[in-house]
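Heads up: the sequence shown begins at 5 in our numbering, then just goes up one per residue.
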Amino acid sequence: MVPKVKIAEGGPGFSRLVFGTMNWGVWGANLSAREMLSLIHKSHDLGVTTFDHADIYGHYTTEGTFGEALARNPSIRQNLQIVTKCGIRLITPNRPFNRVHSYDTSRRHILLSVENSLRELHTDYIDLLLIHRPSPLMDPDEIAEAFEQLKKSGKVLHFGVSNFTPAQFNMLQSRVPLVTNQVEASAIHLAPFLDGTFDQCLEKRIKPMVWSPLGGGKIFTDSDDPRNARIRKIAAQIGARHGDFSLDQVLIAWLLKHPAGILPVVGTSKFERLAAAVGAQKLEMTDEEWFEIWIASTGKPVP
């Protein structure tokens, strides 16, 4: 079973592994509402109760199908935590008024996005709303005003950001409480380990969410990259050393070991892959093994 963790002081309790839905709809498996409900039930049985969305997923359609799934069993909503994001204007026939692929963090756009997500998801509240990407034009006071209105109305319980630098996080948090920063990190994307993002999370006692924890599959499929080959070799050795752990389990365990308390967002539509990620919790990686993967990624020993 996957344990629940508090992601911040006074913040929500989330499952340590988060189920990412980006590929559930037309951007990937194109699951039906019935198939989504089956996945929701199966993941719930494993203790994975937190689901990561964004309004734009599936060209603004995935939330709707997920909501249809919830409508088939409304009582399960109280046992789930729904994360969604807003702030990107995507060019798509579903949004004909979006002329330019751009960002919009205005109060009006945030409020409209939340109303749309609530309607699509068949719910009357969102557990966590994230600003999807930082905009050069974002006004922290305007964002805070929108967040405060949503909090007061009970439509959103908690707020955070995604893909923000530490400086951008501090800027917005000076106006409104934030409970997480969802960023890309994996054995082939080390930036948050080095740019202060995870250090900031430790400092502020908030747990980061991590998207693409397996490098979007590139570690396994890009055979021409010597870095990926090094990582696969070391991960296979570590997996064998501890029994019979797969490469993806070793790489999830590598993230779970970090003291920031990373919550990996497992972006898959296949239950077997989610179950494998759950099994990664059993791998008790040593510090030396953690550094073996780090060195395989950087291609050089630590100083």
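We put the beta carbon where it would ideally sit given N, CA and C, even for glycine. Keep in mind that this is a model prediction, so the values were computed, not measured.
Those runs of the beta strand (DSSP E) which lie wholly inside the stretch 226–288 and span at least 3 residues: Complete beta strand (DSSP E) runs here, min 3: 267–271.
With 16 other Cβ atoms within 10 Å as the buried cut-off, status of Lys-304: When all chains shown are included, Lys-304 counts as exposed.
Anticipated Cβ contact below 8 Å, Trp-258 with Met-289, distance rounded: The Cβ separation is near 7 Å, so the contact holds.
Own chain residues within Cβ distance below 6 Å of Arg-76, not counting five before or after: Within the same chain, Arg-76 has close Cβ partners Leu-41.
Pairwise C-alpha distance: Leu-154 and Phe-18: Looking at the two C-alpha atoms, the distance is approximately 20 Å.
Endpoints, alpha helix (DSSP H) assigned at Ile-44: DSSP places Ile-44 inside the alpha helix (DSSP H), whose first and last residues are 37–49.
Where the beta strand (DSSP E) through Gln-186 begins and ends: Segment 185–188, the beta strand (DSSP E) holding Gln-186.
Three-state class that DSSP yields for Ile-92 in the structure shown: In the three-state scheme derived from DSSP, where H, G and I count as helix and E and B as strand, Ile-92 is classed as strand.
Glu-293 versus Val-269, Ala-239 and Ala-189, residue with shortest Cα-Cα distance: The candidate whose alpha carbon is nearest that of Glu-293 is Ala-239.
Cβ contact check for the stretch 194–210 and the stretch 229–238: 3 or more pairs under 8 Å: Taking 8 Å as the limit for Cβ pairs, the verdict is that the stretch 229–238 does not touch the stretch 194–210.
Start and end residues, alpha helix (DSSP H) containing Thr-109: Taken as a continuous stretch (DSSP letters only), Thr-109 belongs to no alpha helix (DSSP H), as it is neither H nor E.
Which listed residue (Pro-263, Met-5, Gly-51 and Thr-65) has its alpha carbon closest to that of Met-26: Of the listed residues, the one whose Cα sits closest to Met-26 is Thr-65.
Close beta carbons around Ile-147, own chain, < 6 Å, minus the five adjacent residues each side: So the qualifying residues of the chain are Thr-109.
Buried or exposed by the 16-neighbour rule on C-beta atoms within 10 Å, applied to Met-142: Result: buried.
Identified DSSP bridge partners for Met-213: Gln-186 and Leu-267, per the DSSP bridge assignment.
Extent of the continuous alpha helix (DSSP H) to which His-63 belongs: Unbroken alpha helix (DSSP H) run through His-63: 61–64.
Limits of the unbroken alpha helix (DSSP H) element including Asp-145: Per DSSP, the unbroken alpha helix (DSSP H) holding Asp-145 starts and ends at 144–157.
Whole-angstrom C-beta distance between Ala-191 and Ile-114, which should lie under 8 Å: Contact between Ile-114 and Ala-191 is absent: CB atoms are separated by about 34 Å, not below the 8 Å threshold.
Between the CA atoms of Phe-197 and Ile-299 - distance to the nearest angstrom: Cα to Cα, the separation comes out at about 13 Å.
Counted within 10 angstroms of its Cβ, other Cβ atoms place Arg-20 as buried (16 or more) or exposed: When all chains shown are included, Arg-20 counts as buried.
DSSP bridge partner residues for Thr-54 (one or two, in chain order): DSSP output for Thr-54 lists Val-22 and Gln-85 as bridge partner(s).
Close Cβ partners of Leu-176 (< 6 Å) along its chain, the five nearest in sequence each way excluded: Spatial neighbours of Leu-176 in its own chain (CB-CB distance under 6 Å, excluding positions within 5 residues in sequence) are listed in chain order as Pro-144.
Residue span of the alpha helix (DSSP H) that contains Asp-131, given as start and end: Counting along the chain, Asp-131 falls outside any alpha helix (DSSP H), though it belongs to the beta strand (DSSP E) covering 130–135.
Status (buried if at least 16 other CB within 10 Å, exposed otherwise) for Thr-302: Exposed: under 16 other Cβ atoms inside 10 Å.
Assigned secondary structure, Ser-79 (DSSP; H/G/I helix, E/B strand, else coil): Residue state, collapsed to three classes: helix.
Close-in-space but distant-in-sequence residues of the same chain around Arg-234 (CB under 6 Å, 5 per side omitted): Contacts found: Ala-300.
Where the alpha helix (DSSP H) containing Phe-197 begins and where it ends: Where Phe-197 is concerned, the enclosing alpha helix (DSSP H) stretches over 195–198.
Residue range of the beta strand (DSSP E) that includes Lys-8: It spans 8–10 - the beta strand (DSSP E) in which Lys-8 sits, taken as one unbroken run.
Secondary structure of Gly-219, DSSP reduced to three states: Gly-219 carries a helical assignment under DSSP once its states are collapsed to helix, strand and coil.
Pair within 9 Å by beta-carbon distance, Ile-130 and Leu-161: Closer than 9 Å, so yes.
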